[in-house]
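I have placed the structure first, in the form of structure tokens, so that the comments after it can refer back to it.
In the working numbering, the protein residues as written are 6 to 195.
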């Protein structure tokens with residue numbers, strides 16, 4: 006849905022009509038992606054649900070985002086990269102042990118298995134604030150979308166989908182085109 010072209014500036018840059026969504030995200034590894042798809046199919050069958058299984062190449066955890074752009078300013082990418090590269094955190098494990106719904110999607114969720122992820126996202130949010138990017142959209146509900154176009158019926162326990170997070174990425178998601186363009190990857194070292 007197009008936005009009003011009168012949007013005020015963000016981070017000191019004038020907004021333009023937008024179709025590129027700038028996002029910081031974590032991609033699951035191949036095994037976790039395959040397991041997530043299996044859990045999603047089982048959930049659909051068990052609950053008589055429709056919807057579309059999310060493209061495995063696009064499955065991710067959103068850490069935060071920076072609105073929509075026609076042309077993402079290079080200086081914004083540089084500031085985000087500067088903040089991201091300052092983080093010092095060792096790789097950590099995430100474990101999603103529930104599946105359930107958001108209003109139009111089915112997602113993997115979790116509890117205790119996401120504490121390190123929550124701590125990492127808080128550290129990232131702080132690093133962005135140091136770069137004066139504290140206006141970024143950083144509200145955080147850890148999840149991985151697995152089915153689109155169908156609200157989840159119930160929250161159910163599942164065999165955990167677990168992987169070790171070794172890096173995170175700055176990505177342009179091309180709105181409505183089902184395509185991610187990875188601009189940078191930041192390894193976790195600590």
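Glycine included, every Cβ here is placed at the ideal spot set by N, Cα and C.
Shown here, residue 153 sits in a strand according to DSSP, grouped into three states.
In this structure residue 69 is buried. Its beta-carbon is surrounded by 16 or more other beta-carbon atoms within 10 angstroms.
Residue 121 and residue 25 have their C-alpha atoms roughly 29 Å apart. Residue environment for residue 115: buried (at least 16 other C-beta atoms within 10 angstroms of its C-beta). Residue pairing by DSSP puts residue 192 in a beta bridge opposite 172.
As a beta-bridge residue in DSSP terms, residue 177 pairs with 27 and 186. Only exposed fits residue 108, as fewer than 16 other CB atoms lie within 10 angstroms of its CB.
Put simply, the segment 170-179 does not touch the segment 139-151. Fewer than three CB pairs are less than 8 Å apart.
Residue environment analysis places residue 50 among the exposed positions, since fewer than 16 neighbouring C-beta atoms fall within 10 angstroms of its C-beta.
Counting other Cβ atoms within 10 Å of its Cβ, residue 130 reaches 16 or more and is therefore classed as buried.
Under DSSP, residue 98 shares a beta bridge with 169. If you compare the alpha carbons of 195, 194 and 183 with that of residue 65, the shortest gap goes to 183.
The C-beta separation of residue 101 from residue 113 comes to about 4 Å, placing the pair in contact by the 8 Å criterion. For residue 50, the enclosing alpha helix (DSSP H) starts and ends at 35-52.
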